[in-house]
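Residue numbers (this note's numbering): 7 to 83. Accompanying notes for the structure given below.
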């Protein structure tokens, strides 16, 4: 199974202790939101990230699976 690219959008800024854990992701601050871009190895990692953000009191706005880098749409054009 290959990693999947995601865009994760949260309200406000991400605390520095969580930023250290997200060093493999690209982080873009677009006030009043922060947007993360990067690969996660599987859905378990995605759920872990969501849980961690929730535990830090961050408000999740949107999660998007980005095209490429995964086996989605097999058999579709």
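In this text, a Cβ means the ideal position worked out from N, Cα and C, and glycines have one as well.
Item checked: Selection from 73, 14 and 37 that minimises the alpha carbon distance to residue 56 -> With distances taken between Cα atoms, residue 56 lies closest to 14.
Notebook entry, point to check: Would you report the Cα separation of residue 61 and residue 42, rounded to the nearest angstrom?
Noted result: Between the alpha carbons of residue 61 and residue 42 lies a distance of about 17 Å.
Next item on the list: Closer than 7 Å by C-beta to residue 28: which residues in its own chain qualify, once you throw out the five before and the five after it? Chain order, please.
Entry: Shown here for residue 28: same chain residues with a beta carbon closer than 7 Å to its own, the five before and five after excluded, namely 42 in chain order.
Notebook entry, point to check: Which ranges does the alpha helix (DSSP H) cover as unbroken runs of at least 4 residues, wholly within the stretch 14-62, from first to last along the chain?
Noted result: Counting whole runs of 4 or more residues, the stretch 14-62 contains the alpha helix (DSSP H) stretches 22-27 and 49-61.
Notebook entry, point to check: Based on the DSSP output, what are the partners of residue 71 in its beta bridges?
Noted result: Looking at the DSSP assignment, residue 71 forms a beta bridge with 12.
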